[in-house]
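For the sequence shown, the residue numbers in this note's numbering are 2 to 157. Scroll down for the structure; my scribbles are underneath it.
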Amino acid sequence: MTERSLPLEGAPGGSQEEDNGLVQMGFQRLLGMHVGEWSEDRAVVELSIGEQHLNRSGIVHGGVLTSLLDTALSLSGLYCSVPGNVRKGMTLSLTTTFVAAARGGVLRAVGQRRGGGKATFMASGEVLDAAGNVVAMGEGTFRVRSASQSPEGEPA
């Protein structure tokens with residue numbers, strides 16, 4: 002399937018901003034994430050690490066890694082092929098395994114939809130550092146909102 006940049010669901014009452022043709026959600030914008038790739042069953046979310054992302058030990062906070070995974074995994078099952086439409090969903094469960102310390106540079110979370118049906122899907126993925134080393138892995142279960150269950154999505 003062809004990769005395209007499409008709008009993401011914005012936070013309730015929040016705004017959406019363009020990011021090289023992609024739209025960010027409120028929380029993701031706060032952290033500084035952007036979508037590097039998005040296609041059917043796959044999403045890549047990137048984050049340039051700054052001091053605000055570090056814990057008191059000087060490594061990337063686990064919550065940042067988990068947020069990257071949550072975003073990439075959920076988007077992997079919410080791709081919409083219709084320009085101007087969106088598919089909305091929510092996380093039901095998410096498990097993160099921290100593999101190595103990340104200290105800086107650009108992190109990439111790669112999410113892959115693994116299975117499921119029209120209303121619920123499973124995804125897994127990993128966060129990679131700039132050298133391609135795995136720093137975290139995750140798997141989750143996600144629910145697609147009823148109005149978004151069609152691959153064509155719903156008007157944004």
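Heads up, the beta-carbon is just placed ideally off N, CA and C, and yes, glycines get one too. Bear in mind that the values here come from a model prediction, so they are computed numbers and not experimental data.
Q29: member of the alpha helix (DSSP H) spanning 27-32, first to last residue. Taking C-beta atoms under 8 Å as the contact rule, L129 and L95 fail to qualify, at a distance of about 18 Å.
In this structure the segment 86-94 does not lie against the segment 50-70, because fewer than three pairs of beta carbons, one per stretch, are closer than 8 Å.
By the Cβ-count criterion, F28 is exposed, with fewer than 16 other Cβ atoms from all chains shown falling within 10 Å of its own Cβ. Shown here, Q150 sits in coil according to DSSP, grouped into three states, outside any helix or strand.
Residue state for L79 is assigned as coil, using DSSP reduced to three classes.
Ranking V100, G78, A101, S149 by CA distance to the CA of G117 puts G78 first. In the three-state scheme derived from DSSP, where H, G and I count as helix and E and B as strand, V100 is classed as coil. In the displayed model, G85 falls within coil according to three-state DSSP, outside both helix and strand. Around the CB of S49, fewer than 16 other CB atoms lie within 10 Å, so the residue is classed as exposed. The residue among S125, V65, S75, A131 with its C-alpha nearest the C-alpha of M91 is S75. In this structure, the straight-line span from the alpha carbon of R144 to that of S125 is close to 15 Å. DSSP places A120 in the coil class of the three-state scheme, outside both helix and strand.
Here S58 carries a coil assignment [DSSP, helix/strand/coil].
With contacts defined by Cβ atoms closer than 8 Å, L70 and M34 do not form a contacting pair. For S149, the closest alpha carbon among the candidates A101, V45, H62, C81 is that of C81.
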